[in-house]
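Undergrad:
Protein chains: 2
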Amino acid sequence: MQLISIIGAHQTMRFAEIEAHLSDASTSTISKRLDEFEEADLVTRTQYDEIPPRVEYALTKEGNEVQERLESLLEWATTRS
Amino acid sequence: MQLISIIGAHQTMRFAEIEAHLSDASTSTISKRLDEFEEADLVTRTQYDEIPPRVEYALTKEGNEVQERLESLLEWATTRS
DNA sequence: CGGTATCCAAAGTGATACTG
DNA sequence: CAGTATCACTTTGGATACCG
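One line per chain: the protein sequences are D and U, in this order.
Counting in the working numbering, the first sequence runs from 15 upward without gaps.
Counting in the working numbering, the second sequence runs from 15 upward without gaps.
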């Protein structure tokens, strides 16, 4: 949920950037979730074959719908004492 | 999530009633979740000392807030092919 | 840089049996 | 009726190490 929310807030993000914003999840967990979300068509993965490698993640149209519906819930969750 | 949603849709519900509407969760799971939600002040538990015993569950004000914020998400999830 | 592979510990779930 | 207790099993997540 936070993953979707964070990507949605930034339009496009690189892996390391996501990691920095999601310090309570490990690398492998983020990686696995990204795979799942890509599989579920919520997130797109764009790989640039450069050196150093660069990969960008962004929400799909579906992903944005989920993100919108998620916002109010996350807002409630985070403002709860 | 479904638990909150279902209780919210019925105002007040008895345990067996909840079980009937949530056939994919076992008795013990429903019981544990209800305890947690009560602990988190999302659900109230009202026990009537009669024979046969009767216990009613309802959402608190907080619970209703969550339920509202949950609806659009659940709606999206269930209408997804 | 952007991951994957491996292993392990912890949490979640269900089936079954039993209780006030 | 409304649960709890126990146990086996599955799922999830993190730590660590390594790779193209």
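Idealized CB from N, CA, C, for every residue including glycine.
Using a Cβ-Cβ cutoff of 7 Å, what residues of the segment 73-88 of chain U are near chain D? List them in chain order.
TA: GLU79, VAL80, ARG83, LEU84, SER86 and LEU87
Undergrad: Smallest Cα separation from PHE29 of chain U: which of U:THR74, U:GLU82, U:ASN78 and U:PRO67?
TA: U:PRO67
Undergrad: List the DSSP bridge partners of GLU70 of chain U.
TA: U:ARG28 and U:THR60
Undergrad: Could you spell out where the alpha helix (DSSP H) holding LEU88 of chain U opens and where it closes?
TA: 75-92
Undergrad: With respect to the alpha helix (DSSP H) encompassing ILE44 of chain U, which residues constitute its N-terminal and C-terminal limits?
TA: 41-53
Undergrad: Once you ignore the five residues that flank LEU88 of chain D on each side, which residues in its own chain have a CB closer than 8 Å to its CB?
TA: Listed in chain order, the non-local C-beta contacts of LEU88 of chain D below 8 Å within the same chain comprise MET15, GLN16 and SER19, local neighbours out to five positions each way being set aside.
Undergrad: By the three-class DSSP mapping on this structure, what secondary structure does LEU17 of chain D have?
TA: helix
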